[in-house]
């Protein structure tokens with residue numbers, strides 16, 4: 004580099020004869036830069052950052068200097084942060100007029116920018132913590148539990164102490180669980196990271212195991228005409244409901260129209276079933292005509308029904324005669340024999356059927372009893388004594 008042109012000026016000699024002082028100035032140099040010493044330009048640095056979705060964050064840091072200006076790819080630039088939109092830049096330090104550069108000083112810098120896209124970490128939220136608050140057993144540990152989920156992005160603490168994934172016994176009445184993000188995890192702003200659970204600690208009500216009432220059936224011979232007399236007796240049971248062939252049925256007699264029927268007992272809500280209890284019954288019905296099974300050897304039996312129809316309805320009653328081999332039914336349900344029964348409706352239909360295949364009905368088998376509602380005569384009125 005050619006030396007800068009300088010201007011020389013001499014001050015007047017001192018009176019005592021000493022030599023005068025000569026100041027050397029670089030021609031055209033700004034005030035305050037007078038120096039004959041070689042200068043080293045300040046280093047240029049750069050910031051190579053990942054590329055966001057918007058404008059680049061890559062920068063070249065141009066220093067401020069009294070002795071040098073700088074160019075980027077040959078274009079003069081001011082001191083400050085230069086935006087590096089490209090991949091390669093050459094920065095050179097240019098000495099100001101009259102400035103001598105230190106021998107071996109760095110005056111040229113070349114920078115390369117990778118332009119790699121930034122790796123965006125999507126925000127996440129922790130898996131939800133759940134709890135089960137159950138009644139307290141009479142003996143043994145509590146059944147209350149807090150379920151800590153497995154989460155690759157979060158660890159969990161219970162009342163401030165780290166816990167592993169799985170079920171944690173909730174010994175107290177209140178517990179707080181916090182989700183702690185692992186390093187590098189970005190938490191979603193709307194995420195729930197704390198859960199507080201309250202446990203009632205109410206004692207369990209012990210339920211005694213029960214078994215359903217037994218279901219029974221009657222398989223009798225088939226009449227020549229009319230519906231079958233085969234029946235399934237569904238018991239009334241407060242702890243169980245019943246189904247016949249999968250369909251719910253009420254308590255009482257059920258007509259067995261098929262040859263096979265299955266009855267299942269279903270425990271009602273809160274009922275504890277006794278281990279080993281019979282819950283299902285399967286019944287088979289022969290469906291053989293009475294004429295085929297009775298023949299000449301069958302015992303012929305004849306039923307009879309009596310009635311009492313008095314004034315009003317309160318005393319209306321009927322009685323089925325007790326006869327060996329005869330069963331009486333009202334609305335399909337067997338009734339007691341040999342006793343007076345209250346007529347609860349104005350019309351009562353009584354049917355007599357053989358109690359087994361060894362008997363055969365003869366004579367009348369159906370009685371339709373009709374009870375009147377006649378007004379009872381008023382009792383005679385007795386007048387009080389008048390003394391006449």
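In the working numbering, the protein residues as written are 4 to 391. Cβ atoms here follow ideal geometry from the backbone N, Cα and C, with glycine treated the same way. Please read all numbers here as calculations on a predicted model, not as lab measurements.
- When the five nearest sequence neighbours on each side are left out, the beta carbons in the same chain lying within less than 8 Å of the beta carbon of residue 263 are those of 285, 286, 287, 288, in order along the chain.
- According to the DSSP assignment, residue 359 belongs to no beta strand (DSSP E), since it is labelled neither H nor E.
- According to the DSSP assignment, residue 79 belongs to the beta strand (DSSP E) that extends over 78 to 80.
- Here the C-alpha atom of residue 190 lies approximately 21 Å from the C-alpha atom of residue 162.
- Each residue's CA atom was taken as its position, placing residue 110 and residue 100 some 16 Å apart.
- Contact annotation: the stretch 143 to 150 does not touch the stretch 121 to 130, with fewer than three C-beta pairs closer than 8 Å.
- Distances from the alpha-carbon of residue 314 to those of 375, 325, 269 put 375 closest.
- Per DSSP, residue 145 lies in no beta strand (DSSP E) segment and is marked neither H nor E.
- Across the structure, residue 373 and residue 349 are spaced so that their CA atoms are roughly 6 Å apart.
- A straight line joining the alpha-carbon of residue 274 with that of residue 242 spans about 6 Å.
- Between residue 306 and residue 329 the beta-carbon gap is near 5 Å, inside 8 Å, which marks them as a contact.
- Taking all protein chains shown into account, residue 185 has fewer than 16 neighbouring C-beta atoms within 10 Å of its C-beta and is therefore exposed.
- Counting C-beta pairs closer than 8 Å gives fewer than three between the stretch 128 to 143 and the stretch 70 to 79, which falls short of the contact rule.
- Taking C-beta separations shorter than 7 Å and ignoring five residues to either side along the sequence, the partners of residue 115 in its chain run 90, 91, following chain order.
- For residue 345, the closest of 234, 164, 310, 325 by C-alpha to C-alpha distance is 310.
- In terms of Cα proximity to residue 181, the closest of 188, 108, 339, 199 is 199.
- Residue 137 and residue 212 have their C-alpha atoms roughly 20 Å apart.
- With respect to residue 293, residue 234 sits apart: the two C-beta atoms are not nearer than 9 Å.
- Apart from sequence neighbours up to five positions away, the residues of its chain that approach residue 176 with a beta-carbon distance below 7 Å are 201, 202, 204, ordered along the chain.
- If you check the CB distance, residue 236 and residue 215 do not come in under 9 Å.
- Listed as beta-bridge partners of residue 135 by DSSP are 148.
- Residue 351 sits close to residue 333, with the two beta carbons spaced by under 9 Å.
- Pairing residue 249 with residue 266, the inter-Cα distance amounts to about 8 Å.
- Nearest in C-alpha terms to residue 67, of all of 55, 40, 44, 52, is 44.
- The distance from the Cβ of residue 51 to that of residue 117 is about 6 Å, consistent with a contact at the 8 Å cut-off.
- DSSP places residue 184 inside the beta strand (DSSP E), whose first and last residues are 177 to 184.
- Bounds of the beta strand (DSSP E) holding residue 95 are 91 to 98.
- Residue 188 and residue 281 have their C-alpha atoms some 58 Å from each other.
- For residue 169 and residue 133, the gap between their C-alpha atoms comes out near 11 Å.
- Residue 64 is a Cβ neighbour of residue 48, given a cutoff of 9 Å.
- Excluding the 5 residues flanking it on each side, residue 165 has same chain C-beta neighbours closer than 7 Å at 158, in chain order.
- Straight across, the Cα-Cα distance linking residue 246 with residue 355 is about 28 Å.
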